[in-house]
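Numbered by the working numbering, the letters in the sequence shown go through residues -19 to 380 in order.
Structure, as structure tokens:
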Amino acid sequence: MKQYKKKIAGWLVAVLLLTSFGVPLPTLAATKTITIKTATIGNAEKIHKELNDRKALVLRVAGAKAKARQVVRALETKIKDVNKQDVIFHYQSSRASGKYYLFRISKEQAKQYYYANLFCKKLMKKFKNGTCYGYVWTDGVGEKNGYTQYRYAYEGYQSYLKSGAGLAFEEYYRQSYKTYEALCKEREELWRTYPRSEEDAERLETVGSQIQEMEQTNFFIKTDCRRDFYKLKESVAKCYAIAFAAENFGELSDAMKVWVIGESGYFACQFNRKNEYGSEPKFCMVYSGKMKNAWYSGEGLRAMVNNKVQGVCANYAVMESLLWEQWGIWNQINTSAKINHAWSVVKVKNSKGKTLWIPFDYRVGPSGIYNASEKEQYRLYLQGIKGAPSKKNFNLSDFN
């Protein structure tokens, strides 16, 4: 029996010697290794370069476990400055090796890093180039001329931002809207004036031209399809300004990242990619029962970049979660048998440090699947999550 036990023990030792991180030694030997003593930008650049090859990587970090992990955490922060998209890297496992600690980044994790960076760049470009046109279309403007008017406003707004005004636009828009309101009120009074003098008729024409010009050069949206009056949504305009002023995704706060993802319509529960605004397909996840298990990994981010991913509510939640994790954003998938539904919840901070608990259900906030009051919706959507409030704790103005 003793000899038998010795053989078993010898066999186990042999297996342990032949493997590391659960990977055969020949494979590990073929994996690129970077030796790191401190968390410098130079080391972050080396990691970034290797991960872009989408191959497994071992970080050989000097020091004991606690010190080595501290260095790796610092490198996760520094690599954000390198890729400019705020994407971090993840490691599969770690172990001691003499005076060093080894951190293994798997091939799948390398792919996640690579494709997450591509996704950020592509989504930001799509968002800036017109994905957000749909916001006003679904917010009340259904007729062709309404879309055209908004497009003029949008283009004028972009020009204003590109002129170098940056974010110093808020007071301009506030004063601009006060002028606009006064002109609309004057036009309404002139319409009611009867009989109308020649002077009133000329003034009505002038006021009409001024209003039309403002509608084409300011961020106005139509809020009532039965009337021709437009209103400036300052909080929405402010969010768009922050997004457009950012050259790279990484310049946005985590709260704004979530807002842009929501406004982009990528997870907007669309049933096809047909684009009514042009021949190019919509950049989005499609609602369909055809979901591949391989998409719950780096292949999923690859499918997102290539505009191929699809699934039902639970799959949307998983793909959202996969994306949030690439920025190191805390998230949890929540479900409800009551409404037979699943969604992701994120805990993020805005640029002022305020923590927002956001149910992301195809967009920011609960969808109309749960037909209830806002208070009831948020109670259900945040239930069971440790530390989460029982009600909505943010407004549109908190996205900054």
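The C-beta atom is built at its ideal place from N, Cα and C for all residues, glycine as well.
Asked: Quick check: the Cα distance between residue 38 and residue 85, rounded to an integer number of angstroms?; Found: 6 Å
Asked: Just verifying my parser: in three-state terms, what is the DSSP assignment at residue 208?; Found: With a pLDDT of only 37 at residue 208, under 50, the local geometry of the prediction cannot be trusted, and the value read off the model is given with reservation. It is coil, neither helix nor strand.
Asked: Start and end of the alpha helix (DSSP H) containing residue 28?; Found: 21 to 31
Asked: Does the distance from the CB of residue 378 to the CB of residue 309 come in under 8 Å?; Found: no
Asked: Note down, one range per segment and in chain order, each alpha helix (DSSP H) of at least 4 residues found wholly within the segment 283 to 343.; Found: 293 to 306
Asked: Does the distance from the CB of residue 27 to the CB of residue 69 come in under 8 Å?; Found: yes
Asked: Rounded to a whole number of angstroms, what is the C-alpha to C-alpha distance between residue 371 and residue 351?; Found: 16 Å
Asked: Give me the Cα-Cα distance between residue 20 and residue 189, rounded to the nearest whole angstrom.; Found: 59 Å
Asked: Using three-state DSSP, classify residue 159 as helix, strand or coil.; Found: helix
Asked: In the DSSP assignment, the beta strand (DSSP E) including residue 38 goes from what residue to what residue?; Found: 37 to 42
Asked: Taking 8 Å as the threshold (C-beta atoms), are residue 239 and residue 67 in contact?; Found: no
Asked: Taking only three categories from DSSP, how would you classify residue 266?; Found: strand
Asked: Anyone know if the C-beta pair for residue 87 and residue 34 falls short of 8 Å?; Found: yes
Asked: Kindly list the residues whose CB is nearer than 6 Å to the CB of residue 36, restricted to its own chain and excluding five residues on each side of it in sequence; keep chain order.; Found: 11, 86, 87
Asked: Whether or not the segment 262 to 275 and the segment 355 to 368 are in contact is what I'm after, with contact meaning three or more pairs of Cβ atoms, one per stretch, closer than 8 Å; do they touch?; Found: no
Asked: Are the Cβ atoms of residue 40 and residue 13 separated by less than 8 Å?; Found: yes
Asked: Quick one: using the 10 Å Cβ neighbour count with 16 as the cut-off for buried, is residue 97 buried or exposed?; Found: buried
Asked: Give every residue of the same chain whose Cβ lies closer than 8 Å to the Cβ of residue 325, excluding the five residues on either side of it in the sequence, and list them in chain order.; Found: 311, 312, 313, 314, 337, 338, 339, 340, 361, 362, 365, 368
Asked: Are the beta-carbon atoms belonging to residue 220 and residue 194 less than 8 Å from one another?; Found: no
Asked: Would you report the Cα separation of residue 158 and residue 251, rounded to the nearest angstrom?; Found: 41 Å
Asked: In chain order, what residues of the same chain lie with their CB nearer than 6 Å to the CB of residue 25, ignoring the 5 residues before and after it?; Found: 62
Asked: Taking residue 12 as part of the alpha helix (DSSP H), name the residues at either end of that continuous run.; Found: Unbroken run through residue 12 is the beta strand (DSSP E), 12 to 16; no alpha helix (DSSP H).
Asked: Could you tell me how far apart the beta carbons of residue 342 and residue 223 are, in whole angstroms, since I believe they sit closer than 8 Å?; Found: Their Cβ separation, rounded to whole angstroms, is 19 Å, which puts residue 342 and residue 223 out of contact at 8 Å.
Asked: Pull the bridge partners of residue 76 from the DSSP assignment, please.; Found: 81
Asked: Between which two residues does the alpha helix (DSSP H) containing residue 234 stretch?; Found: 234 to 244
Asked: What residues in its chain sit with their C-beta under 8 Å from that of residue 331, if we drop five residues either side in the sequence?; Found: 233, 235, 236, 380
Asked: From this set, 172, 32, 304, 334, which residue's C-alpha is nearest residue 93's C-alpha?; Found: 32
Asked: When DSSP labels each residue in this structure, what does residue 363 get in the three-state scheme?; Found: coil
Asked: Within its chain, find whatever has a CB closer than 8 Å to the CB of residue 170; leave out the 5 residues flanking it on each side and keep chain order.; Found: 176, 180, 183, 184, 187
Asked: Helix, strand or coil, according to DSSP, for residue 348 in the structure here?; Found: coil
Asked: Under 8 Å, do residue 229 and residue 106 count as touching if we go by C-beta distance?; Found: no
Asked: Give the secondary structure of residue 65 by DSSP, where H, G and I count as helix, E and B as strand, and everything else as coil.; Found: coil
Asked: Could you name the residues of the same chain whose beta carbon sits closer than 8 Å to that of residue 65, not counting the 5 residues immediately before and after it, in chain order?; Found: 96, 97, 100, 101, 228, 229, 230
Asked: Which whole-angstrom value describes the C-beta separation of residue 45 and residue 76, a residue pair presumed to lie in contact below a C-beta threshold of 8 Å?; Found: 7 Å
Asked: Considering only the alpha carbon of each residue, which of 354, 279, 292, 241 lies closest to residue 304?; Found: 241
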